[in-house]
Structures are given as structure tokens and as C-alpha cells.
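To start, the structure under review is shown below, and the notes come after it.
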Amino acid sequence: MENLSPHFPALIIIVPLIAALLTSAAGWLNRRLCFHFAALGLFTSLLVSTGLLASVLDKDVILYRLGGWPAPWGILYRIDRLNGLVLVVIFFIAFLNLIANKRTVEESFPEQLGGFYALYVLFVTGLSGMVATGDAFNLYVLLEISSLTGYALIGIGHERAPLAGLNYLFMGTIGASLYLLGIGFLYLMTGSLNMTDIASLLPGFYGSPVMVLAFLLCMTGLFIKMALFPLHAWLPNAYSFSPSASIGVIAPLTTKVMIYVMIRMTFDVFTPDFSFKMMHLGEVMVWLAVAAIIMGSLFALAQTRLKRMLTYVIIAEVGYMVGGFWLGNRMAVTGAVLHILNDAVMTLCIFLAAGAVVYQICGDDFEDLKGLFRKMPISMAAFTVAALSLIGVPPTCGFFSKWYLISGGIAAGHYGFVVALLFSSLVNAVLFFRIIEIGYFEPFSEGEGGHGVHHGPPAMEIREAPAGMLACLLLAAVSLIVLGIYTGDIVTRIIDLAIPPAI
Amino acid sequence: MGVELFSDIASKYNYLGVVILMMIGLYAMIAKNNLVKKIIGMNIFQTAIILFYVSTAAKRGATIPIIRHGHNGHGHEVIHAAEYINPLPHVLMLTAIVVSVATLGVALALAVKVYHQYGTLEEDEIRGQLRNK
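Chains H and U, in that order, give the protein sequences.
To convert, count from 1 in the first sequence and add 604; that's my numbering.
Going by my numbering, the residue at position 68 of the second sequence is 54; the numbering climbs one at a time, nothing skipped.
Next comes the structure, spelled out in C-alpha cells:
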């Protein structure tokens, strides 16, 4: 282990990549092995990324030259505090969701275990590579790896999932292509693809229209990928029709990693000077984020199905992070980065709880949720913790990132953003207390109540979710509170030092 | 002014071609009703970007980037970059072509699944079926 540690930045990609290959090979030999290979690969990567984060805390930045080629020519992997943190979150969520959904995967795709797990691990490989890389074109390739596997993970589901996956693929491909075009213009100007190198060459081009075009193309591509409000149309269908096992990893990670990439591009490629001071985009972006928050919340209010409602909550949450980031003051950017971490874990917890409910009652209509607190007390308790965190109630981590965001909004004098945040918290409270009320106070629907056809098992047979699922769900719920308690440490030891001092 | 603008555009006709191709692709993806036509549109869109990269590598009067007699020890003369086409965009586009083929594969696989489910690839018919359910 000791002599491997210089190679950790490469291992976080290589380990899951090899695990994905082994998983898909194991599908032909013994299907039981697939899960073990996938779990082993993700667990090893989780350990490696934790080791990386620990060493980055002392060393600031770790640079790794793939194949030993020096920087502007070869591909450089660059780990600092910001992406060290995001890497740990990625592997933590992917591993937890894998364990939690072992049984649902075995029951939904008994014939395709090897394929499903290989896609799952490849998806995580793409995400972690995107986060770790210091090369703009390499980022595009890894972006496409995670997107392609993501389309497949969504399209593998039943009913409307393939159509939703195909529509997601169309939008996602446009987004990735626009990013590629933006990188093309950057390459034309600087002749380099290395992020640090581009950043050092770009100041000569400030004010050039090509640079503005490159910036806008990259950002628009990323906005499509992260489902920022006017470009969000692909998300609700793709997320609500996909299988629980896929959505448990895609929903928490995709949008959050894309926001990380946006932060990486604006800070380390275009530099804060250009992105914030010269583009005059901040105001527009914050208002877009305000629109995303308000529209996401309003759409969520209109839904009558649990998973679909949650997809609109995600759209509102994207607005939190984008708005906080583009406010551009230290407080708000801290809030945005902290919210990447918190929102990923909150989304994991709420989707695991929703997955447990769907698994037990075979439906997620609000009508089906009656009396669930008595049938599934532990799952619903975890659901409540995640809901409180999404609303922003103090002991949970959701409160702290929202606090930073609101303080940042006030410091910037942008009251529209502050009002939008408070409005969204209020709407979240309405949304989740409505569900808690249905689950807690209304009696069971015995099949004939509410809406004629009842697909699930009779109410008397509904029991608590399987033990593995429950354990992961509880761990996610507890980590929400733990993250809340250690917010101070995370901010002072990691995030504060990760944000460039210029801000 | 008008003549200048015209000659400006004419000398950069490669960008014009790229933009036209991109718009054709985008139009097909938005306006076409058939899912396979949309997939073809998506492919045209991606190909336009590949063309953009490759066309930026070209130089007037330059040749392919292979150094003559390089491995016989005679390759140590000074190399003028202007005499060779830039090879890097070509290499990048090899990767992009692989990505676009993979995207096409996933898209077609999903289209097959959709066809098995609804018995049609026309979007309005699928939407009609969904509404009637």
C-alpha cells in the first residue's frame, strides 16, 4: 500500500475500470460474482480516494503525469482539496447505493447482472475521471463515458424508460458537443489542452470575441448537462422512469459533478478574473438560478407521484448551487461548494428511501403512501431526516449550506436570490409535510380506497424493507447529521482553502 | 465593406460549412418525427464538430506530419511547423469518432427497445399511445 500511494490519482480511474471489465466478464461465468467484483472495485476506490483526500490536506495539490509525459503534452491528473472532497463523495454514494440495491437489481435484471453492474461501475469511473483530470479534452472523453453509461442505465428500465433515455441522450449529446466545440476554440487560441496551461496562456486573449464564444459554448454545454432551468426538460422523465438502482447513483451524482466541472472551468481554465469580472454574466446567471429554484419548486408542488416530485426538487437544488456560485462572493461560493457535498448525500438518502418504498409497495403515488409510517417506520424515519435536510432544519447538513448561500446572497445585496431560497424552503416544507401527513395520519389504503386499481401487494403484507437496504439508508441518514455537525471543520479545513484567494 | 465581408466569409468557408452542417443536424433533431431520423440528425451534428477540428489543422502548402527518413538518423534537421499539418486535432477526433459511434450504438439500441414496446418509431404515434393509456 505504501509504495502504491504516489499512483493513487491514477488508481481511482484504473481500479473501477478494471473492476468494470471483470464484472462484465464474470457475467458469462458466474452471475453471483458480478456484484462482488463491482462492490470490491468501488470499495477499493473509496479507500484510495479517502487516502488521496487525507494527503491533499497536507500537500495542497497532487499532480500525476499519466505515462510520465510532462505537463502540456501529456495528460495531467490534478488532485486538490476541492476535487479530493468530491471524489470521496462520488465513491461513498456509489458504493452505498450499490449495496442498498443488491436485491432490486437481482430481481429486476436477473439475466443482465453482468451488464448492469459493468455499466454502473463504468459510470462511476467516468465521473471520478472527470473530477480528477486536469486536461480539458480528457474531461470530454470521460464526460461521454459517464453519459453513455448513464443513458444505458436509465434506458435499461421498463415501461417509458427507453424513450426517456433516448430523449436524454439527444439532449446530453448536444450538451457534450457544445462543450467539445468550446474546447476546440480554446485549443485554436492557445494550442494547449492542459487546464493550467490554457489558463496561463489565456490572459493575452481577454476581450477577444473568440474567447467569449468559447466560454459561452462550454458553459451552455455544461448547463444542459446539469439541467439548469430552461434546459432541464430531459431530467424529470429520465429520472422518474428509471430503475431505483440506477437513479440512486445518477440523481445524486450527475448534476453535482457537472456543477463541479463548471466551477473547475471558471476557476482554473477561464480564471475568476475573466469569468466574474469581464463577462458580466453573474447577474444573468443568478436570475436564471432564481428562475430555476422557483420553477422547480412550483413544478414539484404540482406532482402527485413521489419520485417525480423529487426530480423537480433536484432542478430547484441545481439553482441553489449555480446561483450561489455566480454570486461570486466568498460566502456564497463556499455555500455552493458545501451544497455539492450536502445535496449529493441528501439526494442519495431521499432516493434510497423512495426506492425502499417503491420496492415494498410497488408504486409511488401519494395515495399508496397511506399508513406507511406504521408499516415501514425505519425507512420513513430516514425519509423524514432527508426531508428535514432538504427543507433546511438545523441539525442536518442542509441547513448549513443554505445558511452560507443566504448569507452570501445578503452580502451581495441580491435579495431576489435570498427570497427564492426562502420560498423554496417553504415549498419543500409543504411538499414533505404533505407526504409525512399522508404516511403518518391517514389509514392504510386497503386496495379499494382512493384510486380504483391497486397494483401493489395488499396493505397487510407490506413490511419493512430488506436489512441491507435499511442499513445503507440509515447510514445515509446518519451521515446527513454527521455532515451537519462537522460543517465547520469541512469549511475551514477543505473548502476555504479550495476557493482561490481572489474571491 | 460588402466585398470585404464576402471575401472574409469566403476565405473561412470551412466554418460556414461547419455551421450549416450543425444547423442541419439540430433541425433534424428538433423537427423530425421519426426517432431514427433524429438519431441521424444527432450524428450529423457530431460530425460537424469533427469537421471543425480537422479543418483547423489544415495549412496551405503543408504536408502530412511524417518526417522523411526520420528513423535512419537523418531526421535531425530543423523542422518547420508551418510545413506540416497539425496532427493533434486529427488524433483528438479519432477519440471523438469513437465516442460518436458509441453514442450511435446506444441510441440505436434504445430505439430498438422503444420499437419493441410501442411497435412504432414515430414520436406522435408513441405520444398518442401514452395518452390513451
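Using N, Cα and C, we set each Cβ at its ideal position, and we do this for glycine too.
- Under the three-state reduction of DSSP, L667(H) is assigned to strand.
- A contact is defined here as three or more CB-CB pairs under 8 Å, and the stretch 973 to 992 of chain H meets this definition with respect to the stretch 1027 to 1045 of chain H.
- By the CB criterion at 8 Å, T729(H) and L621(H) fall inside the cutoff.
- Looking only at F727(H), G738(H) and Y721(H), the smallest Cα-Cα distance to V709(H) is reached by Y721(H).
- A43(U) and G996(H) have their C-alpha atoms spaced approximately 52 Å apart.
- Out of R113(U), L90(U) and G105(U), the CA that lies nearest to the CA of A756(H) is found in L90(U).
- If you look at I683(H), you'll find it in the beta strand (DSSP E) that goes L680 to I683.
- Out of E971(H), T915(H) and G769(H), the CA that lies nearest to the CA of T951(H) is found in T915(H).
- Along the stretch 833 to 858 of chain H, none of the residues has a CB nearer than 9 Å to a CB of chain U.
- Taking a contact as a CB-CB distance under 8 Å, the pair A904(H) and V1031(H) counts as one, their CB atoms being some 7 Å apart.
- Where Y791(H) is concerned, the enclosing alpha helix (DSSP H) starts and stops at A765 to T794.
- Taking C-beta separations shorter than 8 Å and ignoring five residues to either side along the sequence, the partners of P834(H) in its chain run L892 and A895, following chain order.
- In summary, the residues of the stretch 91 to 115 of chain U whose CB is separated from some CB of chain H by less than 7 Å are V92, A93, L96, A97, K99, V100, Q103 and I112, in the order they occur in the chain.
- Each residue's CA atom was taken as its position, placing D877(H) and G754(H) some 34 Å apart.
- Interface annotation for the stretch 1019 to 1050 of chain H against chain U: empty, criterion Cβ-Cβ distance under 9 Å.
- For P813(H), the closest C-alpha among the options S796(H), L792(H) and I828(H) is that of L792(H).
- Nearest C-alpha to F874(H) among T800(H), V917(H) and S844(H): T800(H).
- Judged by DSSP secondary structure, G1088(H) falls within the alpha helix (DSSP H) whose first and last residues are A1071 to I1089.
- Distances from the alpha-carbon of F1004(H) to those of R669(H), V1086(H), V961(H) and V926(H) put V1086(H) closest.
- Interface criterion met: the Cβ of G769(H) is under 8 Å from a Cβ in chain U.
- Residues of the stretch 686 to 698 of chain H whose Cβ lies closer than 7 Å to any Cβ of chain U: none.
- The three-state secondary structure of T33(U), taken from DSSP, is helix.
- In this structure, the straight-line span from the alpha carbon of R685(H) to that of A624(H) is close to 27 Å.
- Membership of H66(U) in any alpha helix (DSSP H) is not indicated, and neither H nor E is assigned to it by DSSP.
- Proximity of chain U to A740(H) at the Cβ level (cut-off 8 Å) is not reached, the minimal Cβ distance being about 11 Å.
- Taking 8 Å as the cut-off, the beta carbon of L1009(H) is found no closer than this to the beta carbon of A1069(H).
- Residues of the stretch 29 to 51 of chain U that bring their beta carbon within less than 8 Å of a beta carbon in chain H comprise F31, Q32, I35, F38, Y39 and T42, in sequence order.
- Within the stretch 64 to 81 of chain U, those residues whose Cβ lies closer than 9 Å to any Cβ of chain H are, in chain order, N72, L74, P75, L78 and T81.
- Sequence-distant partners of Q907(H) (beyond 5 residues in either direction) whose C-beta falls short of 6 Å from its own C-beta, in its chain, are M913.
- Chain order gives the chain H residues near K24(U) as F774, where near means a beta carbon separation below 8 Å.
- In this structure, the beta-carbon distance from S1011(H) to G1002(H) does not fall below 8 Å.
- A distance of 8 Å or more separates the beta carbons of G779(H) and L96(U).
- Comparing alpha carbon positions, the residue from G959(H), P999(H) and G1088(H) closest to N705(H) is G959(H).
- In this structure V926(H) is buried. Its beta-carbon is surrounded by 16 or more other beta-carbon atoms within 10 angstroms.
- In this structure, the straight-line span from the alpha carbon of P610(H) to that of W673(H) is close to 16 Å.
- Of the candidates A1033(H), H1018(H) and C822(H), the residue whose Cα lies closest to the Cα of S901(H) is A1033(H).
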